[in-house]
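Trainee: Residue numbers (the working numbering): 16 to 316.
(1) If you drop the 5 nearest sequence neighbours on each side, which residues of the same chain put their C-beta closer than 6 Å to that of residue 103?
(2) Put residue 165 into one of helix, strand or coil per three-state DSSP.
(3) Thinking C-alpha only, which one of 251, 293, 205, 168 is nearest residue 73?
(4) Is it buried or exposed for residue 174, if we count other Cβ within 10 angstroms and need 16 for buried?
(5) My assumption, with CB atoms under 8 Å, is that residue 36 sits in contact with residue 64. Please give the rounded CB distance.
(6) Within 8 Å, do at least three Cβ pairs link the stretch 224-243 to the stretch 109-126?
(7) Given residue 95, which residues of its chain have a CB within under 6 Å of its CB, disregarding the five upstream and five downstream residues?
(8) Give, in chain order, every unbroken run of the beta strand (DSSP E) that is at least 3 residues long and sits entirely within the stretch 70-149.
(9) Using 8 Å for Cβ pairs, my map puts residue 181 next to residue 152. What's the rounded Cβ distance?
(10) Taking the alpha carbon of residue 136 as the point to measure from, which residue in 243, 111, 192 has its own alpha carbon closest?
(11) Can you list, in chain order, the stretches of the alpha helix (DSSP H) that have 4 or more residues and sit fully within the stretch 256-301?
(12) On the DSSP letters alone, give me the boundaries of the alpha helix (DSSP H) that residue 250 sits inside.
(13) Quick one: Cα of residue 61 to Cα of residue 22, how far?
(14) Buried or exposed for residue 138, going by 16 or more other Cβ atoms inside 10 Å?
(15) For the alpha helix (DSSP H) holding residue 185, just list the boundary residues, first then last.
(16) Is the beta carbon of residue 172 within less than 7 Å of some heavy atom of the ligand ADP?
(17) So residue 52 is in the alpha helix (DSSP H); what residue range does that whole segment cover?
(18) Taking the beta carbon of residue 196 as the centre, do at least 16 other beta carbons fall within 10 Å, making it buried, or is it exposed?
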């Protein structure tokens, strides 16, 4: 049966496999975020983040062992450490926001990450953007204002945390671009797991509360679905062109909305949907323009 399933899977086109994996990834992220919110009644989100990193690293070990731990060799340990510090800041802010802000709002504002990454790549990597991509970045920020509506409704501290998290995640993606010039994807992923585990230990000890039996089960559950989300996303990007499959990433908002309505009686307003669509569309446009720019560089070269 397993062999038949594998044959059927490999018999699909790369695009079909990529779409299937990105859909799995969106669902897994939504489940993990919902579980974090649910478990926050028992323990602090900083402690949840630590165990998410620990169990994520445990699930990563079998993948590392298949190709040998020599894959982790690096000459850029310092940059890995900086990336880890930026990444843990983004994670802690995001996890805390999940516990105090509606899931749909957190998910919608989370789409800002690629927008900030695009702007930062110009400032720190010297990438050149023309008017259209700058306009798309501006539209992305407009989407943020549509969700927040400053001056109309009270500013949600959790929403501010998500935006700060998106800025840090944009910085992390910029660093990943630099690391990608000399490091393997395995090394980048492995060192990320190690750094996040180490750097999240201190904040976790500060707010430590011994988990109950169900708490431990919830932490393993979060670690498992987080690993499923990351591996599925990586596989999706490996199978197909990112700009072809990333439209399906919007499903994260659909799943988060359904789960939040079911478990927490939360329902996003119309402005959240509109703002999320504007941010997501801007990010998609920027990604497409970057792909076209790389294609032209390859052709010219």
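From the three backbone atoms N, C-alpha and C, an ideal C-beta is built for every residue, glycine too.
Mentor: Quick answer:
(1) 211, 214, 215
(2) strand
(3) 205
(4) buried
(5) That pair is no contact at about 25 Å.
(6) no
(7) 206
(8) none
(9) No, residue 181 and residue 152 are not in contact; Cβ-Cβ is about 13 Å, not under 8 Å.
(10) 192
(11) 257-260, 266-279
(12) 228-254
(13) 42 Å
(14) exposed
(15) 172-194
(16) Among the components of this structure there are no ligands whatsoever, and the ligand ADP is therefore not found.
(17) 29-54
(18) exposed
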